[in-house]
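Novice: Have a look at this one.
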Amino acid sequence: MIFYFSATGNSRWAANKLSQLLHDTNIISIPAALKGDCRYRVSEDEPIGFVFPVHGWRPPKIVRDFIERLQIISEEKSFHYTYSVITAGDDIGMTVNYLQKDISRKGLTLDSAFSLIMPESYVGLPFMDVDTKETANRKKREALKQLVAAAESISSHQNIFHVKRGRCPRLKSHVIGWFFVKQLITDKRFWVDKDKCVKCGICANVCPVDDIQGGHGKMPTWLHNQACLTCFNCYHHCPHHAIEFGRFTKNKGQYYFT
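Residue numbering for the sequence shown follows UniProt numbering, starting at 1 and increasing by one per position.
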């Protein structure tokens with residue numbers, strides 16, 4: 001069973017490819033799962049995987065909320081090899097530690113974790129932008145090789161942690177990550193250039209948490225209901241680059257997995 005969350009598509013690609021490599025067709029989107037009761041019956045010895053991107057050097061809020069609600073139903077003495085594939089534009093800090101703590105409350109132990117360096121999509125800070133097309137394509141090629149190797153390790157239930165924590169992982173996850181969660185995960189900075197917006201409704205359709213009120217023929221507005229993940233899916237999918245995040249995204253690029 002593979003649980004995944006993806007905004008701009010990097011983690012969705014990884015989850016789907018992993019599903020093919022592992023012959024595991026039980027693949028579940030976390031935003032869709034949260035609309036249900038989050039109860040899943042897992043067969044004896046069935047592996048459990050979590051695939052998601054890093055947000056502020058931590059698991060995304062939506063992933064942590066899902067795990068909090070998750071209920072695994074299985075035989076009393078069943079063993080479930082548990083793994084994670086984490087996508088990031090660069091390093092992941094202490095993300096694995098946060099995940100391990102979260103799933104331990106569900107009686108699971110993280111047996112393996114792998115990080116994939118994927119094309120950058122976070123553009124919410126002045127010094128961050130998307131990768132060039134050449135860099136993005138190179139990252140995708142290298143990620144595929146790494147994912148194939150990870151799938152082989154997962155298939156044989158190996159205990160491997162092949163992750164890129166980067167420099168100062170505790171500082172990034174605990175300190176900068178705290179600031180990220182408290183100050184940068186917000187929909188209040190998003191605004192629409194009315195001269196560019198054609199009211200196509202794409203931004204509302206691609207929002208993974210239904211935080212945008214709009215649709216075809218309507219000007220999009222954010223609901224300010226604390227659901228926003230600041231994943232920038234709306235920004236990246238806007239065909240006319242009409243969505244901005246304060247001044248941070250001015251003249252920056254767009255990206256989603258194709």
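Beta carbons are placed, not taken as given, at the ideal position from N, Cα and C, and that holds for glycine. Keep in mind the model is a prediction, meaning the values are calculated, not measured.
For the alpha helix (DSSP H) that Arg167 lies in, which residues bound it at each end?
Specialist: Per DSSP, Arg167 belongs to no alpha helix (DSSP H) and is neither H nor E.
Novice: Within the same chain, show all residues whose beta-carbon is closer than 6 Å to that of Asp131, passing over the 5 residues directly before and after it, in chain order.
Specialist: So the qualifying residues of the chain are Pro119, Glu120.
Novice: Could you check where the alpha helix (DSSP H) with Trp13 kicks off and where it finishes?
Specialist: Looking at the DSSP string, the run of the alpha helix (DSSP H) that includes Trp13 is 10–22.
Novice: On the criterion of 16 or more Cβ atoms from any shown chain inside 10 Å, does Val198 qualify as buried, or is it exposed?
Specialist: So Val198 ends up on the exposed side.
Novice: How many angstroms separate the CA atom of Pro208 from the CA atom of Gly217?
Specialist: Distance between the alpha carbons of Pro208 and Gly217 is about 20 Å.
Novice: Please state the DSSP three-state secondary structure of His216.
Specialist: Reduced to three states, the DSSP call for His216 is coil.
Novice: If I measure Cβ to Cβ from Val206 and keep anything under 7 Å in the same chain, skipping five residues before and after, which residues do I get?
Specialist: Hits under 7 Å: Asn233, Cys234, His237.
Novice: Could I get the ranges of all uninterrupted beta strand (DSSP E) runs contained in the region 134–207, with 3 residues as the minimum, in chain order?
Specialist: Listed in chain order, the complete beta strand (DSSP E) runs (minimum 3 residues) inside the region 134–207 are 190–192.
Novice: Can you give, in chain order, each stretch of the alpha helix (DSSP H) that sits fully within the region 66–144 and has at least 4 residues?
Specialist: Listed in chain order, they are 95–104.
Novice: Under the three-state reduction of DSSP, which class applies to residue 339: helix, strand or coil?
Specialist: Shown here, the chain extends from 1 to 258; a query on residue 339 therefore has no answer.
Novice: For Gln146, I'd like the list of residues in its chain whose CB is within less than 6 Å of its CB, leaving aside the five on either flank, ordered along the chain.
Specialist: Contacts found: Leu116.
Novice: Going straight from the alpha carbon of Lys35 to that of Gly215, what length do you get?
Specialist: Using only the alpha carbons, I get a separation of about 21 Å.
Novice: Select from Gly56, Arg12, Leu110 the residue whose C-alpha is nearest the C-alpha of Phe79.
Specialist: Looking at the Cα atoms, Leu110 is the closest of the given residues.
Novice: Could you check what DSSP says for Tyr4 in three-state terms: helix, strand or coil?
Specialist: Note: Tyr4 maps to strand in three-state DSSP.
Novice: Going by C-alpha distance, which of Ala113, Pro60, Asn97, Gly107 is nearest Tyr83?
Specialist: The shortest C-alpha separation from Tyr83 is found at Ala113.
Novice: Within this structure, are the beta carbons of Pro53 and Pro47 separated by less than 9 Å?
Specialist: It is not a contact, given that the beta carbons lie outside the stated cut-off.
Novice: Report buried or exposed for Arg247, applying the criterion of at least 16 other Cβ atoms within 10 angstroms of its Cβ.
Specialist: Under this definition Arg247 is an exposed residue.
Novice: How many angstroms separate the CA atom of Thr230 from the CA atom of Gln100?
Specialist: If you take the alpha carbons of Thr230 and Gln100, they lie about 24 Å apart.
Novice: Would Gln226 pass as a contact of His241 if the rule is Cβ separation under 9 Å?
Specialist: No.
Novice: So, under 8 Å CB-CB, Asp212 and Cys200 are touching, yes? Tell me the CB distance rounded to an integer number of Å.
Specialist: Reading off the sequence shown, one finds Ile at residue 212, where the question assumed Asp. About 12 Å separates the two Cβ atoms, so there is no contact after all.
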